[in-house]
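Numbering (our numbering), first residue to last: 8 to 264. Worksheet: the structure to be examined is printed underneath.
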Amino acid sequence: MIEILTPSELDRARDTGRLVGTILQTLKNRVKVGTNLLEIDTWTKELIEEAGAESCYVDYAPAFGNGPFGHYICTGVNDAVLHGLPYDYALADGDLLTLDLAVKLRGIASDAAISFIVGEKQRAEDLKMIEVTQRALAAGIAAAVPGAKIGDISFAIGSVLTAEGYPVNLEFGGHGIGSTMHQDPHVSNDGRAGRGYTLRPGLLLALEPWIMEDTSKLVTDKDGWTLRSSTGCRTAHTEHTIAITDTGAEILTLPKN
8 MIEILTPSEL DRARDTGRLV GTILQTLKNR VKVGTNLLEI DTWTKELIEE AGAESCYVDY
68 APAFGNGPFG HYICTGVNDA VLHGLPYDYA LADGDLLTLD LAVKLRGIAS DAAISFIVGE
128 KQRAEDLKMI EVTQRALAAG IAAAVPGAKI GDISFAIGSV LTAEGYPVNL EFGGHGIGST
188 MHQDPHVSND GRAGRGYTLR PGLLLALEPW IMEDTSKLVT DKDGWTLRSS TGCRTAHTEH
248 TIAITDTGAE ILTLPKN
């Protein structure tokens, strides 16, 4: 299913996106060395409920997962890049943490992710991976104009990632979003320009470049959810939900000022 939102629905999408971005920024500000992943999950639940919103994750049970997910946020540490199931772990100085959050408010969902380093022990390689995913996301957003193709976005993202020498996994990528969290079209993190669905105003997309330092192969953790790099290398993930408008792409998941 591909949804095209009406102007009133797009206004609601802006509210949801702002909430997601604000929650992620709040969590980032709270996280410190010693913070437990389950504590982050509790904070997320409280922030979602305070806003009168609902989690897209807690009852999420897709075919590929060991569902339902049962938590309110994905927390990936170091080699965990996607669908990180929160567990009893206290963050250490230098951990690379990815927070991925999807929320629904007034019937419209929004999805975003951030990666950052906990504490003071910052590896240059980690900082580079985070920056490259951010730059790839910016390139994908710039390509998301009315009349362009999904392949134009994939090509823009992939060009940044591959130019920096990172292998690109095509199993999981961006997606359409609207009244539900995951919709068509799928947006691979690499692809051929000029191919795929034509972008139209009112379309919402969650774009999410993610990389692993030295491999494109994922393995599933014993929890049945968390996807890790097959080599144990570090990973990074950046995501925004955008709306296609008459003049280009509008980023919805920026935090409230």
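Ideal Cβ placement from N, Cα and C applies to all residues, glycine included.
Problem - N- and C-terminal bounds of the alpha helix (DSSP H) containing W50 - result: L44 to E57
Exercise for the section: Kindly identify the DSSP beta-bridge partner or partners of H182. Expected result: H193 and A213
Problem - Best match in G239, D191, L112 and R241 for proximity to T23 [C-alpha to C-alpha] - result: L112
Practice task
Give me the Cβ distance between A119 and E257, rounded to the nearest whole Å; I'm assuming they're in contact under 8 Å.
Solution key: Not confirmed; about 14 Å, so no contact.
Exercise for the section: Determine, using beta carbons only, whether L54 and T33 come nearer to each other than 8 Å. Expected result: yes
Practice task
Count the other CB atoms, across all protein chains shown, that sit within 10 Å of the CB of K229; report buried if there are 16 or more and exposed otherwise.
Solution key: exposed
Exercise for the section: Could you tell me whether the segment 224-239 touches the segment 206-213, where touching means 3 or more Cβ pairs closer than 8 Å? Expected result: no
Handout entry: Pairwise C-alpha distance: A150 and G203
Key = 14 Å
Exercise for the section: Please say whether L206 and A143 have beta carbons closer to each other than 8 Å? Expected result: no
Exercise for the section: Give the DSSP-derived three-state secondary structure of M265 in the structure shown. Expected result: As shown, the chain starts at 8 and ends at 264. That puts residue 265 outside it, with no answer to give.
Handout entry: C-alpha distance - V29 paired with R199, whole-angstrom precision
Key = Sequence check: residue 29 is Thr here, not Val. If I take the Cα positions, the gap works out to 34 Å.
Handout entry: Backbone CA spacing between G180 and A109 [nearest angstrom]
Key = 15 Å
Problem - DSSP state of I249 mapped onto helix, strand, coil - result: strand
Exercise for the section: Grab me the residues of G147's own chain with a C-beta within less than 6 Å of its C-beta, minus the 5 sequence neighbours each way, in chain order. Expected result: I160, A163, I164 and L214
Handout entry: Y94 versus T222, G114 and G231, residue with shortest Cα-Cα distance
Key = G231
Handout entry: Whole-angstrom distance between T13 and K128, CA atom to CA atom
Key = 47 Å
Problem - Buried versus exposed, by CB contacts within 10 Å (16 or more), T254 - result: exposed
Problem - F123 in three-state terms, based on DSSP - result: strand
Practice task
Measure the alpha-carbon distance for V27 versus T260 and round it to whole angstroms.
Solution key: 6 Å
Problem - Alpha-carbon to alpha-carbon, E178 and T242 - result: 16 Å
Practice task
Please list, in chain order, all residues of the same chain as D102 whose beta carbon is under 8 Å from its beta carbon, the five residues on each side excluded.
Solution key: V84, N85, I124, V125 and G126
Handout entry: C-alpha distance - A170 paired with T187, whole-angstrom precision
Key = 34 Å
Practice task
Out of Q190, G41 and P216, point me to the one whose CA is closest to A116's CA.
Solution key: Q190
Handout entry: Host alpha helix (DSSP H) of L26 (start-end)
Key = P14 to R37
Problem - Those residues which DSSP pairs with S3 across a bridge - result: The shown model of the chain, from 8 to 264, leaves out residue 3, and the question about it has no answer.
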